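Engineer: Chains as they are written, first to last, in my numbering: chain H, 1 to 123; chain P, 1001 to 1434.
Structure provided below as structure tokens; questions to follow.
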Amino acid sequence: MRYALLMHYREPGEGEISEEGIEAAKVAFGAYGRALESAGVLLSADVLQPTSGTTSVTCREGGLQVQDGPFAETKEALAGIFMVEVPDLDAAIGWAEKCPGAQWGVVEVRPTATAFVDGAWTR
Amino acid sequence: MDTLTSGDGGPEAGPGPGAAGPGPGPALRSADVAARDSYGRLLALLAAATSDLAGAEDALADAFERALRTWPSQGVPGNPDAWLLTVARNRLRDEWKSARVQRAVPLDAAPDTLAHIDDVDVDAIPDRRLELMLVCAHPAIDRAMHTPLMLNTVLGFTAEQVGRAFSVPAPTMATRLVRVKKRIKAAGIPFRLPDLADLPARMASVLEAVYGAYVIDWATGPQARQVPSEALHLAEVLTTLVPDDPEALGLAALIELSAARAPARVAADGRFVPLADQDPALWNRELISRAHEHLRVAHARGQLGRFQLEAAIQAVHCARGPDGTTDWPTLLTLHRILQAIAPSLGSGVALAAVTAEVDGPAAGLAALDALLLEAGQRARLFQPARATRAHLLDRLGRKEEAVAAYESAISLTHDTAEREYLERRRDRASGVSR
């Protein structure tokens, strides 16, 4: 099954994290990415820019509306998305537990309903 | 009386749900026996490959329905379980063939998938009920649903029966069960034994869920408190699945000993009879000896645990001599160890009560008040703490305080017979005669 591991955490302020802290996180994420890849479960991995760089788009009121910022302002924001393919929830929880973001935030484990693979939606 | 099951001696021991009418034919009886004894086993086998409990339930219900239709005319098959499993699996296979189920599930990778459907020697197929129980008590499932889900899937009780046990309206319980089954399937919670590293924690959740069936506050209805035979059934099933787990054995022993005393707990006139006043002749000797056997095997493993200790405490109570004497010093030792390895408000209150028996009510009250001070707000609504405090004040002759303490205990007691008992004690303490 495909799962999205969604990292959520409070966005640090400018300069809040030391250079060494950032370096340590990079090392941890590097090791994590390689572990996912060598296990053959990684589909994609993205760590996102802070919400200050995000834009929300909707047409639900009729015309196009483009807005600064995330669609919902929350204390903890979506910060990264890891797509993995593993046999079951226990395996997905195991990878979520090893995600560096779980050390300072929360990793949501969300199963995929359907995915666009090889030109068609799976089912 | 609203028990979920009618007996504890296996399927032959009591009339089942289908046996209410006068003399059901052998076909009906056989379907009923299968329903009682094999429901969880068949459901676990059917759901294991896909984690789809709702689909497996539907298939199994269809199979039972067909059994009731065809067995009376065609005769009961030699192995009813195998028959039911085959019919239900065929039904699932039809489901799976319909295009919408062409999913990521590899159809012939696991031993319980349909490639092996024609092997219908049920006894040769591994029992998957432990995996089912682990799914029911999975950390990704709301704790409050662990016990209801087990009663519903492992023992086959309906949402209405489970709802009644938890004082939840049937439609509400049904909705919750449907939701949690959907979640198991959608989230991909697997029917498999966890890694050795995770197993102890996962088994602890399973034991907690079984214990949850034992401690349900049954007494919100007009009927007297009773140890639920459902918990007994679940615990005994678990001992057959993990015969080497000392805590599973301890839990079964605990529930058996408690169930053994159920007949003595309420007098003929409906009055609550506290343990000290119970007539041991009314206790169920067979359950007590089953418990002793479970405890003997558990202790041989040499790993002490909370449930074994609680069972040992109950065993001491059940070993009360013919002269009515209880071995309080041994109880005090056991309670101290229990409070040391698995401290809880309940075991703390029990320790204080036993302290009162050994060192006098003043020492017991001091221990209790120290505990309540430490526990704070949480302890104020804990009925056993209030009731124990009332009894101790009463014994110390502090009648006025005792009456107030009885009042507060009574306001927290949901069991009618026990409430009436406390009311009588209160009246006696305040000098009112009844």
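We treat Cβ as the ideally placed atom computed from N, Cα and C, and that holds for glycine.
Remember, predicted model here, so these are calculated numbers, not experimental data.
1) Report yes if the CB atom of Leu1422(P) is closer than 8 Å to the CB atom of Tyr1406(P), and no otherwise.
2) Taking beta-carbon pairs under 7 Å, can you tell me which members of the region 1179 to 1207 of chain P lie near chain H?
3) What is the rounded straight-line gap between the Cα of Pro126(H) and the Cα of Ala79(H)?
4) Is there a C-beta anywhere in chain P that falls below 8 Å from the one on Pro87(H)?
5) I want to know whether the region 1196 to 1208 of chain P touches the region 1060 to 1078 of chain P - three or more CB-CB distances under 8 Å.
6) I'd like to know if Thr1113(P) contacts chain H, where contact means its C-beta is closer than 8 Å to some C-beta of that chain.
7) Taking DSSP as the reference, what is the three-state secondary structure of Arg1428(P)?
8) At the 8 Å Cβ level, is Ala1049(P) part of the contact set with chain H, yes or no?
9) Could you pull the start and end residues of the alpha helix (DSSP H) that Asp1141(P) belongs to?
10) Rounded to whole angstroms, what's the CA-CA distance from Gln1339(P) to Leu1365(P)? Just pull it up for me.
11) At 7 Å on the CB atoms, spell out the chain P contacts of Asp90(H), in chain order.
12) Between the C-alpha atoms of Leu1084(P) and Leu1130(P), what's the straight-line distance to the nearest angstrom?
13) Are the C-beta atoms of Ala1409(P) and some chain H residue less than 8 Å apart?
14) For Val1215(P) and Ser1038(P), what's the separation of their Cα atoms in angstroms?
15) Taking all protein chains shown into account, do 16 or more other C-beta atoms lie within 10 angstroms of the C-beta of Ala1020(P), making it buried, or fewer, making it exposed?
16) Step through the CB atoms of chain H and report whether any lies within less than 8 Å of the CB of Ala1140(P).
17) Go through its chain and collect everything with a Cβ distance to Ala1342(P)'s Cβ below 7 Å, but skip five positions before and after it.
18) Which bits of chain P does Met83(H) rub up against, with CB to CB less than 8 Å?
19) Is the beta carbon of Tyr9(H) sitting closer than 8 Å to the one on Glu76(H)?
20) Using DSSP bridges, identify the partner residues of Gly80(H).
21) Which same chain residues, not among the five before or five after Ala1137(P), have their C-beta less than 6 Å away from its C-beta?
22) Along chain P, in chain order, which residues have C-beta atoms closer than 7 Å to that of Pro111(H)?
23) Does the region 78 to 96 of chain H touch the region 39 to 57 of chain H, meaning 3 or more C-beta pairs lie closer than 8 Å?
24) Taking all protein chains shown into account, do 16 or more other C-beta atoms lie within 10 angstroms of the C-beta of Phe1272(P), making it buried, or fewer, making it exposed?
25) So, for Asn1284(P): in the same chain, excluding its five sequence neighbours on each side, which residues have a beta-carbon less than 6 Å away from its beta-carbon?
26) Please determine, among Thr1158(P), Arg1265(P), Leu1177(P), Asp1127(P), the residue with the shortest C-alpha to C-alpha distance to Arg1143(P).
27) Would you list, in sequence order, the uninterrupted beta strand (DSSP E) runs of no fewer than 3 residues that lie entirely inside the region 16 to 62 of chain H?
28) Using only alpha-carbon positions, find the residue among Cys1318(P), Ala1056(P), His1233(P), Leu1412(P) that is nearest to Leu1282(P).
Structural biologist: Let me spell this out:
1) Looking up residue 1422(P) in the second sequence gives position 422. Looking up residue 1406(P) in the second sequence gives position 406. In this structure, Leu1422(P) lies near Tyr1406(P), with their beta-carbon atoms less than 8 Å apart.
2) Under the 7 Å Cβ criterion, the region 1179 to 1207 of chain P contributes Ala1186, Ala1187, Gly1188, Ile1189, Pro1190, Pro1194.
3) In the structure displayed, chain H extends from 1 to 123; residue 126(H) sits before or after that span and is not available.
4) Working through the first sequence from its first residue, we reach residue 87(H) at position 87. Yes, its Cβ sits closer than 8 Å to a Cβ of chain P.
5) Put simply, the region 1196 to 1208 of chain P does not touch the region 1060 to 1078 of chain P. Fewer than three CB pairs are less than 8 Å apart.
6) Counting from one through the second sequence, the residue named residue 1113(P) turns up at place 113. Its pLDDT being 42, under 50, Thr1113(P) is placed unreliably by the model, and nothing is read from it.
7) As a first step, residue 1428(P) must be located in the second sequence, where it is residue number 428. Residue state, collapsed to three classes: helix.
8) Looking up residue 1049(P) in the second sequence gives position 49. With 8 Å as the cut-off, Ala1049(P) does not count as an interface residue toward chain H.
9) To locate residue 1141(P), count along the second sequence from 1; it is residue 141. In the sequence on display, residue 1141(P) carries Ile and not Asp. Counting along the chain, no alpha helix (DSSP H) covers Ile1141(P), and no H or E run does either.
10) Reading the second sequence from its first residue, position 339 is the one you call residue 1339(P). Reading the second sequence from its first residue, position 365 is the one you call residue 1365(P). The straight-line gap separating the alpha-carbon atoms of Gln1339(P) and Leu1365(P) is approximately 17 Å.
11) On the first sequence, residue 90(H) is found 90 positions in, with the first residue counted as 1. For Asp90(H), the residues of chain P that pass the 7 Å Cβ criterion are Pro1190, Pro1194, in the order they occur in the chain.
12) Residue 1084(P) sits at position 84 when you count from the first residue of the second sequence. Residue 1130(P) sits at position 130 when you count from the first residue of the second sequence. Distance between Leu1084(P) and Leu1130(P), taken at the CA atoms: about 21 Å.
13) Walking along the second sequence from the start, residue 1409(P) turns up at place 409. Contact with chain H is absent for Ala1409(P), since none of that chain's Cβ atoms lies less than 8 Å from the residue's Cβ.
14) Numbered from its first residue, the second sequence carries residue 1215(P) at position 215. Numbered from its first residue, the second sequence carries residue 1038(P) at position 38. The straight-line gap separating the alpha-carbon atoms of Val1215(P) and Ser1038(P) is approximately 25 Å.
15) Locating residue 1020(P) in the second sequence gives position 20, counting from the first residue. Residue placement at Ala1020(P) is flagged as unreliable, the pLDDT there being 32, under the threshold of 50; the coordinate-derived value follows with that caveat. By the neighbour-count criterion, in which a residue is buried when 16 or more other Cβ atoms sit within 10 angstroms of its Cβ, Ala1020(P) is exposed.
16) Translated into the one-based positions of the second sequence, residue 1140(P) becomes position 140. The beta carbon of Ala1140(P) falls within 8 Å of a beta carbon belonging to chain H, placing the residue at that interface.
17) For the purposes of this step, residue 1342(P) is taken as the residue at position 342 of the second sequence. Within the same chain, Ala1342(P) has close Cβ partners Arg1306.
18) Within the first sequence, residue 83(H) is the residue found at index 83, counting from 1. Per Cβ cutoff of 8 Å: no residues; Met83(H) is ~14 Å from chain P at best.
19) The count along the first sequence starts at 1 and reaches residue 9(H) at position 9. The count along the first sequence starts at 1 and reaches residue 76(H) at position 76. At a Cβ-Cβ threshold of 8 Å, Tyr9(H) and Glu76(H) count as neighbours.
20) Residue mapping note: residue 80(H) aligns to position 80 of the first sequence, counting from 1. Gly80(H) is bridged to Met7(H), Val47(H).
21) Here residue 1137(P) corresponds to residue number 137 of the second sequence, with the count starting at 1. Cβ neighbours of Ala1137(P) beyond the five flanking positions: His1146, Ser1205, Val1206, Ala1209.
22) As a first step, residue 111(H) is located in the first sequence; it is residue number 111 there, counting from the start. Those within 7 Å of Pro111(H) in chain P are Ala1186, Ala1187, Gly1188.
23) With the rule of 3 Cβ pairs closer than 8 Å, the region 39 to 57 of chain H counts as touching the region 78 to 96 of chain H.
24) What you label residue 1272(P) is simply residue 272 of the second sequence in a count that begins at 1. Label assigned to Phe1272(P): buried.
25) To locate residue 1284(P), count along the second sequence from 1; it is residue 284. Taking C-beta separations shorter than 6 Å and ignoring five residues to either side along the sequence, the partners of Asn1284(P) in its chain run Ala1260, following chain order.
26) In the second sequence, residue 1143(P) corresponds to position 143, counting from 1. It is Leu1177(P) whose Cα lies nearest to the Cα of Arg1143(P).
27) Correct list: 42 to 47, 55 to 58.
28) The count along the second sequence starts at 1 and reaches residue 1282(P) at position 282. Of Cys1318(P), Ala1056(P), His1233(P), Leu1412(P), the residue nearest in Cα terms is Cys1318(P).
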